[in-house]
Structure formats: C-alpha cells, structure tokens
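These notes concern the structure reproduced below.
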Amino acid sequence: MVEQVVAARPKARNGGRQADTAARDGALTDLELNLLLEAVLRFSGLDFRDYAQSTLKRRIAERTRAEKARTISGLQERVLHDPEAFARFVFAMSGGPGQLFREPVFFSLLRSRIVPLLRTYSFTRIWVPNCGRGEDAYSLAVLLHEEGLLGRTMIYATDASEIAVTAAKRGEFEIESIESLKSLHRATGATQPLTDLVEIGDETIVFRDELRKSLIFAQHSLISDGSLNEFHLIAARGVLPQFNKALQFRVHNLFLNSLVRLGFLALGPSETIKGTPHERVFREVAEEEPVYRRMR
Numbered sequence: 007m008v009e010q011v012v013a014a015r016p017k018a019r020n021g022g023r024q025a026d027t028a029a030r031d032g033a034l035t036d037l038e039l040n041l042l043l044e045a046v047l048r049f050s051g052l053d054f055r056d057y058a059q060s061t062l063k064r065r066i067a068e069r070t071r072a073e074k075a076r077t078i079s080g081l082q083e084r085v086l087h088d089p090e091a092f093a094r095f096v097f098a099m100s101g102g103p104g105q106l107f108r109e110p111v112f113f114s115l116l117r118s119r120i121v122p123l124l125r126t127y128s129f130t131r132i133w134v135p136n137c138g139r140g141e142d143a144y145s146l147a148v149l150l151h152e153e154g155l156l157g158r159t160m161i162y163a164t165d166a167s168e169i170a171v172t173a174a175k176r177g178e179f180e181i182e183s184i185e186s187l188k189s190l191h192r193a194t195g196a197t198q199p200l201t202d203l204v205e206i207g208d209e210t211i212v213f214r215d216e217l218r219k220s221l222i223f224a225q226h227s228l229i230s231d232g233s234l235n236e237f238h239l240i241a242a243r244g245v246l247p248q249f250n251k252a253l254q255f256r257v258h259n260l261f262l263n264s265l266v267r268l269g270f271l272a273l274g275p276s277e278t279i280k281g282t283p284h285e286r287v288f289r290e291v292a293e294e295e296p297v298y299r300r301m302r
C-alpha cells in the first residue's frame with residue numbers, strides 16, 4: 007500500500023508542473039495580447055481593447071497563423087512594420103467577410119413590415135456599420151431597388167478597415183454557387199431575377215452601377231468615432247456580440263443618437279435590446295426577428 011502511494015507521488019508532481027506551465031503560457035499569451043492591442047492603439051488610434059475576450063483571442067490566433075508568425079509578439083512586429091499586414095489585421099478585427107442575403111427571413115420581414123413605413127418618407131437614409139465587404143449593404147440595395155425605393159434612399163456602409171471599404175466599393179463578390187445565391191435571394195421575397203442586377207462571371211458576381219450609385223462607403227470606427235447622420239434604419243447585424251459590455255453600451259448610445267424618432271434598429275438573430283439601458287426607448291417590431299423601432 008505504501009509503495010502505491012510513493013509511486014503515485016511523482017505523477018502528482020508532474021501534473022503540478024504541467025499545470026504551472028499551462029498557467030505561465032496562458033499568462034504570457036494574455037500579456038502579449040494586451041501589448042499588441044496597446045501598440046495598435048498608440049500606432050493607429052484604433053482601440054480594440056474593449057472587444058469581447060473570446061472574439062479577441064479567436065481572431066488574433068487566426069491572424070497569427072495566417073501571417074505565419076510563431077507568437078503574438080511576432081504578429082505585433084509584423085503588424086507595426088508591414089502596412090499590408092496592418093491592413094489585414096484591422097480587416098480581421100472588424101469582422102471579415104460575410105454573405106449576401108444572409109438569413110433571408112430578415113430581408114423578408116424588412117420587405118413586408120418596414121418598407122411600407124419607409125415609403126412614408128420623401129427620402130430615407132440607412133446605415134450599415136461594420137459593413138465588411140458590403141454584403142448587407144448590397145443586399146439591402148437589391149431589396150430597395152425591387153421595391154422602388156432605392157432612388158430616394160442613400161445607404162451609408164462603413165467599416166474601420168480600409169481593406170473592407172476598398173473591396174466593398176468594387177461591388178464584386180466571389181461565389182461558390184450562383185444557384186445557392188439565387189435561392190437565398192428568392193427567399194427574401196424577391197420580385198425580379200437576381201441576374202437582372204448583377205454581372206455573373208465564372209466564380210464572381212459584380213453589382214451593376216444602378217445599385218452602387220445609392221451606396222456610400224467610408225471608414226468609420228464604432229469604437230472611437232461619433233455619429234455620421236440621422237438614419238431611418240440602422241442594420242447592425244452581428245456587430246454588438248464582438249464587444250464587451252462597456253463598448254456595447256457606447257455603441258447602443260451611438261445607434262440611439264443616430265436614429266430619427268420612429269427609426270428602426272435591426273440586430274442579428276441572437277441579439278436583443280432587452281435587458282439593456284436603452285430597452286425602454288424601443289419597441290419590438292416582430293417576434294421572429296430582433297428589429298426595433300425607436301419610440302422616443
């Protein structure tokens with residue numbers, strides 16, 4: 007019995023050393039991450055420190071691998087000394103690429119419940135913050151064109167990433183299957199073929215000028231910049247979960263101050279305004295999608 011106890015002791019000590027090593031590695035990773043974010047802030051003025059920790063760690067790990075850096079410190083050196091690496095970093099931190107007509111039930115709801123109310127305005131302004139390559143912005147432009155409203159609408163699509171804004175301006179998207187894209191478009195309640203609005207290449211589509219002329223793309227950071235204008239609709243789907251509670255509160259304030267009274271705020275399917283300090287200002291438009299109307 008004594009021999010068994012004695013024999014077990016080295017394993018316990020070895021397990022303790024492994025735990026100590028894992029703890030040191032975790033602490034070192036956190037230190038490198040904080041130093042990277044502080045360096046980016048001092049270098050560029052872009053402050054990503056209030057992003058959710060899970061979002062930060064996932065995106066920085068992905069960027070470290072993509073840049074073929076051995077450590078976060080190696081990524082920091084590359085980001086600070088290589089302008090293209092820095093641009094790629096900002097794009098990745100801003101959210102990266104999305105999908106055209108993502109979650110078509112949202113666009114269907116917009117078509118049936120929100121568009122009739124937008125018709126009551128002589129001119130409407132829509133904001134798509136953190137727009138990525140412009141997927142939601144172009145999807146909205148298609149819907150509004152089909153509903154005859156695009157000619158009296160301006161869509162502002164913004165992102166902190168210069169790469170994203172430059173790509174979005176081109177209106178060109180890689181696609182795996184044009185049939186899958188057509189299916190998503192039809193599910194929005196589309197009233198005309200998608201092929202009437204895009205030029206189709208081998209593996210790409212390009213949106214036609216009649217859609218692009220109602221879109222304004224510009225750099226804007228939700229972290230540090232103020233309101234751009236007063237909008238009748240803000241489509242910020244998937245934006246808020248990236249941030250911690252403090253930054254979410256700031257962005258909620260920014261959206262509130264950027265909406266006209268009776269304007270609409272659209273969030274992503276897993277998001278809600280409920281339980282936030284701004285809940286009483288809004289009224290839920292529909293149970294099936296987190297779309298809210300500013301009431302005061």
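For what it's worth, the numbering used here labels the leading residue of the sequence shown as 7, then goes sequentially. Just so it is clear, CB atoms sit at the ideal spot from N, CA and C, and this is done for glycine as well.
*Does the Cβ of Glu-294 lie closer than 7 Å to at least one heavy atom of the ligand MN?*
Inclusion of the ligand MN in the displayed structure is not the case, the ligand content being empty and no account of it being possible.
*In angstroms, rounded to a whole number, what distance separates the CA positions of Glu-236 and Leu-115?*
23 Å
*Report the rounded CA-to-CA distance for Arg-139 versus Ala-174, giving the unit in angstroms.*
4 Å
*Taking C-alpha atoms, which residue in Leu-86, Gly-157, Val-148 lies nearest to Asp-314?*
Since the displayed the chain opens at 7 and closes at 302, residue 314 lies outside it and no answer follows.
_Between which residues of its own chain and Arg-84 is the CB-CB distance below 7 Å, once the five residues before and five after are set aside?_
Glu-73, Ala-75, Ala-91
*For Val-266, collect the residues of the same chain with a Cβ closer than 8 Å to its Cβ; drop the 5 residues on either side in sequence, then sort them by chain order.*
Glu-236, Phe-237, His-238, Arg-300
*For Pro-296, I'd like the list of residues in its chain whose CB is within less than 6 Å of its CB, leaving aside the five on either flank, ordered along the chain.*
Within the same chain, Pro-296 has close Cβ partners Leu-273, Glu-277, Thr-278.
*Phe-270 versus Ile-240 - alpha carbon distance*: 6 Å
*In chain order, what residues of the same chain have a beta carbon less than 6 Å from the beta carbon of Arg-48, not counting five sequence neighbours either side?*
none
*Do you know how far the Cα of Gly-32 is from the Cα of Asn-136?*
Roughly 30 Å between the two C-alpha positions.
*asked:* When you compare the CB positions of Ala-166 and His-258, do they come within less than 8 Å of one another, or not?
replied: no
*Would you decide whether His-191 is buried or exposed? Buried here means 16 or more other CB atoms lie within 10 Å of its CB.*
Result: buried.
_Considering only the alpha carbon of each residue, which of Arg-65, Pro-89, Thr-130 lies closest to Leu-268?_
Minimum Cα distance to Leu-268 is reached at Thr-130.
*Are there three or more Cβ pairs, one per stretch, closer than 8 Å when the stretch 117–132 is compared with the stretch 146–162?*
Yes: at least three Cβ pairs fall under 8 Å.
*asked:* Extract the residue ranges of the alpha helix (DSSP H) inside the stretch 163–207, only unbroken runs of 4 or more that lie entirely within it.
replied: 168–176, 184–193
*asked:* Just to confirm the assignment, what range does the beta strand (DSSP E) spanning Arg-289 have?
replied: 288–290
_Segment contact flag, the stretch 218–234 with the stretch 154–168, C-beta cutoff 8 Å, min 3 pairs_ = Of all C-beta pairs linking the stretch 218–234 to the stretch 154–168, three or more are shorter than 8 Å, placing the two stretches in contact.
*Rounded to the nearest angstrom, how far is the Cβ of Phe-5 from that of Ala-242, given a contact under 8 Å?*
Here the chain covers residues 7 to 302 and nothing more, so residue 5 does not appear.
*Where do the N-terminal and C-terminal ends of the alpha helix (DSSP H) with Tyr-144 fall, by residue?*
141–152 is the span of the alpha helix (DSSP H), which, as asked, contains Tyr-144.
*Whose CA, out of Glu-178, Phe-288, Leu-123, lies closest to the CA of Leu-155?*
Leu-123
_With a threshold of 8 Å on Cβ separation, who are the neighbours of Ala-93 within its own chain once the five nearest residues in sequence on each side are excluded?_
The residues Ser-167, Glu-168, Ile-169, in chain order, have a CB closer than 8 Å to that of Ala-93 in the same chain once the five nearest residues on each side in sequence are set aside.
_Proximity below 8 Å, CB of Val-212 to CB of Glu-178_ = It is a contact, given that the beta carbons lie within the stated cut-off.
*Please look up how many angstroms separate the CB atoms of Gln-248 and Ala-58, rounded, as I've assumed it's under 8 Å.*
Gln-248 to Ala-58, Cβ: 6 Å. Contact.
_Delimiting residues of the alpha helix (DSSP H) encompassing Val-134_ = Taken as a continuous stretch (DSSP letters only), Val-134 belongs to no alpha helix (DSSP H), being part of the beta strand (DSSP E) at 130–134.
*Could you give the C-beta distance for Ile-145 and Phe-95, rounded to a whole number, given that I count them as a contact under 8 Å?*
Here residue 145 is Ser; the residue named in the question, Ile, does not match the sequence. Rounded, the Cβ-Cβ distance is 27 Å, inconsistent with contact.
*Identify every residue that forms a DSSP beta bridge with Ile-310.*
Nothing about residue 310 can be read from this structure; the chain reaches only from 7 to 302.
*Could you tell me if Glu-264 is buried or exposed, where buried requires 16 or more neighbouring beta carbons within 10 angstroms of its beta carbon?*
As written in the sequence, residue 264 is Ser, which differs from the Glu given in the question. Buried, because 16 or more other Cβ atoms sit within 10 Å of the Cβ of Ser-264.
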